[in-house]
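*Asks:*
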C-alpha cells in the first residue's frame, strides 16, 4: 500500500508506511523518521518511530500543517532513493527463561489466560508448532530482533524478530490484562516481543526475565548514567539464554556497577539481509563477540 | 522555605508545563492537565508561567507553610482557606509562617492548581519538574504527594498579594461539554453508521478518567468496515499494528468506550484511533468530572487552527492583565 498521511489534531502528522507489519515496513518508517529528523524542518518538535509508521509533533504556530505534510512527503521520495542501510548497534540481552518470578505471576493470573492448565511458554510453544519449550526458546533466542519502537511506557522496547514471516512467533495477548507484571519481564503479544521496563499492568505472554535494567530514572545503573533509557528504535537485540546462577551473578554485577551489556556498532543493509537471512544474522551475532 | 504536606488529598502532584522531547522513548509530555489554569496561578504570584505548582484532583491537600508565602489557587471551583478563613480563587493571597492551607469540597471542575511565589523547587528531571509516576520520574520523588512530605519552595520575586484574574478571563467548568475533534488517523476503519453515531450520541465521562486518559461511556457501540486483519495487527477489528498515539487521540478498544489520551499518555499501542481532540480543547478535559455529559463535535483543520488562535489571544489577554 502507498504511504498514508493523516493528521492527529492540529499538532501531529501521522505517517503509516504499511498497515501490516514487515521488516520492510519497519525499515521504511525508521528511514523516513530518520530523514525527517536530519532535515531539521523548523517547527517539528518530536519524531516518534513506530513499527510500521511514525508520528511527528509540530508547532502549528511555527509551521502550517499543510507545509509539514508537503515537506515530509518530499522526504519519502528521498528515502525511497537512498541506500537501504542504517547504522545502528547490536546488543546481547541475557534472559532467564521460565524463571520463578514470571512463573509466580502467570500462575496468579491464570484465570485470565487462554490456557489455564499450562504456562505461557507451554501455550506459545504449542500454538507456534514447536515440539517442546526448549525448541521454542531456541527459536526465540536463536535469531536477532529489531527494536521497532520504544514506548507505551518509559523505555519499553517493542521488538520484531529478524526472520521470514512464516517463522515469526505469534501469540495473542491475555484474555484480560494482568494488573501486575514483574519489571524486566520478556514478553510477547501478537508478533511483537517486549521487555517490561517497569513493573505494572500488562497483557503480553511472559517467557522469562532479564537481569539487565533498561530504564533507570535515578541514573545510578552504571551503563545508564548518561541517559536513563537504554533502547533506541533501530537497535538490534540478541537474546542469550542464561540459568539461575548466571542470572543471580548478573543481578549482583548490576548492583555493584560491574555489569556492562555487550554492545557493538553495526551497519545493517536490508538488501544483503534479504538475500540470505540466516547467514546475515549469523554474521551480525558474530560481531557481538568482536568477530 | 518549605511546605509540609499534612494530608495529600486524593492525588496531588507537582506539575509544570511538561517535559517535551522524550515521547519517542515512551516518556510523555506530562505537566498540568489544565495548562491555562497553571499559567494563571503562576502569573498571579509573580512566577514564570511555567514554574512548578501543585495539581490536585477532586480533593484538595492540607498544607502547612514554614515561612510567609504568596499563594494563588486556580482551576476548579474549590474554596480555599487559610487557618479556616476563606480566600478568593484566581487571586493571590498571603499565607503567614505556621498557617495551614485547606480546601472545602469541590463545587465544579476537577483540578485545582496551587502556585506559590518562587515555585515548587524539586529537582529538574529531563528538563521538567512534572511528576511521571509510572516512570518514578520528576516531581517529588517521582510520585504523588503523601502526608509528611516537605516540598522545597524557590525564592519569590517579592510579588504582593491581592492581584486577581478578571472574571472574563477565568474559565469555569460547565456541563454539558463539547469537545472538538478532527477526524483522522484510522477514522476510515469505522462504518458509516459509526461515523455518524459517534458525533450524534451523548457520551458521559467514565470513572476511569485520569492523567493518562479519559474514558467515555453511553454512546452506541461503534462498528467497523469489515476486513481481513493485516499481519501483526491482532484479531479484533479495533486492533492495528501497534503505532504511536498522538496526545488527544481517541481510541475505542472493541468499539465500545472511547478513550482520549491526555498529558501522561502511553506513547503507543495497538488500538485504532478515530481522530484527535484539537489542542484548544485539551485543557477543558482536565476539568471534567466523571458522569459529565459530553458531545464530540466534528471540525476541520482550519477550524482547529482558528480555535487555537483564539486560545492564544485569550492567553495574551491573561498575560497582559497580570503584567
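Residue numbers (the working numbering), protein chains in the order written: chain A, 447 to 737; chain B, 13 to 335. Every residue, glycine too, gets a C-beta built ideally from N, C-alpha and C. Note that the coordinates shown come from a computational prediction; the quantities given were computed from them, not determined experimentally.
(1) Assess contact between the region 77-88 of chain B and the region 108-123 of chain B, defined as three or more Cβ pairs (one per stretch) separated by less than 8 angstroms. Is contact present?
(2) May I ask you to list, following chain order, the residues of the region 34-68 of chain B that have a beta carbon less than 7 angstroms from some beta carbon of chain A?
(3) Tell me whether the beta-carbon of residue 305 of chain B lies closer than 9 angstroms to the beta-carbon of residue 219 of chain B.
(4) Are the region 552-570 of chain A and the region 698-707 of chain A touching by the rule of at least three beta carbon pairs closer than 8 angstroms?
(5) Run through DSSP, which three-state label would residue 198 of chain B get?
(6) Where does residue 634 of chain A fall in DSSP's three states?
(7) Restricting to runs no shorter than 3 residues, where is the beta strand (DSSP E) found entirely within the region 73-97 of chain B?
(8) Output the boundary residues of the alpha helix (DSSP H) element that contains residue 744 of chain A.
(9) Give the straight-line distance between the Cα atoms of residue 121 of chain B and residue 175 of chain B, rounded to the nearest whole angstrom.
(10) Is it a yes or a no for the region 631-644 of chain A touching the region 264-280 of chain B, going by three-plus beta-carbon pairs under 8 angstroms?
(11) Go through its chain and collect everything with a Cβ distance to residue 590 of chain A's Cβ below 8 angstroms, but skip five positions before and after it.
(12) Within the same chain, show all residues whose beta-carbon is closer than 7 angstroms to that of residue 522 of chain A, passing over the 5 residues directly before and after it, in chain order.
(13) Distance, Cα to Cα, residue 16 of chain B vs residue 113 of chain B?
(14) Using C-beta distances below 7 angstroms, list every residue in its chain close to residue 576 of chain A, excluding the 5 sequence neighbours before and after it, in chain order.
(15) Output, in chain order, the set of chain B residues within a Cβ distance shorter than 9 angstroms of residue 454 of chain A.
(16) According to DSSP, which residues form a beta bridge with residue 551 of chain A?
(17) Taking a cut of 9 angstroms between CB atoms, which residues from the region 466-497 of chain A lie near chain B?
(18) In the structure shown, what three-state DSSP assignment does residue 535 of chain A receive?
(19) Kindly say whether residue 144 of chain B, judged by its beta-carbon, lies nearer than 9 angstroms to any beta-carbon of chain A.
(20) Report the three-state DSSP secondary structure of residue 132 of chain B (helix, strand or coil).
(21) For a cutoff of 9 angstroms on Cβ pairs, would you count residue 716 of chain A as touching chain B?
(22) Need the endpoints of the alpha helix (DSSP H) that residue 333 of chain B sits in, please.
(23) By the three-class DSSP mapping on this structure, what secondary structure does residue 659 of chain A have?
(24) I need the DSSP call for residue 177 of chain B, collapsed to helix, strand or coil.
(25) Could you check which residue in B/190, B/328, B/232 and B/142 has the C-alpha nearest to that of residue 64 of chain B?
(26) What's the C-alpha gap between residue 161 of chain B and residue 73 of chain B?
(27) Is there a Cβ from chain A that is less than 9 angstroms from the Cβ of residue 191 of chain B?
(28) Kindly list the residues whose CB is nearer than 8 angstroms to the CB of residue 22 of chain B, restricted to its own chain and excluding five residues on each side of it in sequence; keep chain order.
(29) Buried or exposed for residue 619 of chain A, please, with buried defined as at least 16 other CB atoms from any protein chain shown within 10 angstroms of its CB.
(30) Taking only the alpha-carbon atoms, compute the straight-line gap between residue 721 of chain A and residue 145 of chain B and give it to the nearest angstrom.
(31) Are residue 58 of chain B and residue 275 of chain B close, meaning C-beta to C-beta below 9 angstroms?
(32) I'd like to know whether the C-beta atoms of residue 514 of chain A and residue 487 of chain A end up nearer to each other than 9 angstroms.
(33) Following the continuous alpha helix (DSSP H) through residue 732 of chain A, name the residue where it begins and the one where it ends.
(34) Express the C-alpha separation of residue 656 of chain A and residue 208 of chain B in angstroms, rounding to a whole number.
(35) CB-CB under 8 angstroms to residue 327 of chain B, same chain, minus the five flanking residues each way: which ones, in chain order?
(36) How would you call residue 119 of chain B, buried or exposed, if buried means at least 16 neighbouring beta carbons within 10 angstroms?
*Replies:* If we stick to the structure as given:
(1) yes
(2) 35, 36, 37, 38 and 39
(3) no
(4) no
(5) coil
(6) strand
(7) 74-77, 81-89 and 92-94
(8) Because chain A spans 447 through 737 in this model, residue 744 of chain A falls outside it and cannot be assessed.
(9) 22 angstroms
(10) no
(11) 536, 607, 608, 682, 683, 684, 727, 730 and 731
(12) 449 and 478
(13) 10 angstroms
(14) 582 and 585
(15) 194, 196, 197, 256, 257, 258, 259, 260, 261, 285, 287 and 288
(16) DSSP lists no partner for residue 551 of chain A.
(17) 466, 467, 468, 471, 479, 491, 492, 493, 494, 495, 496 and 497
(18) strand
(19) yes
(20) strand
(21) no
(22) 313-334
(23) coil
(24) coil
(25) B/142
(26) 12 angstroms
(27) no
(28) 68, 69, 70 and 71
(29) buried
(30) 46 angstroms
(31) no
(32) yes
(33) 723-734
(34) 48 angstroms
(35) 48 and 51
(36) exposed
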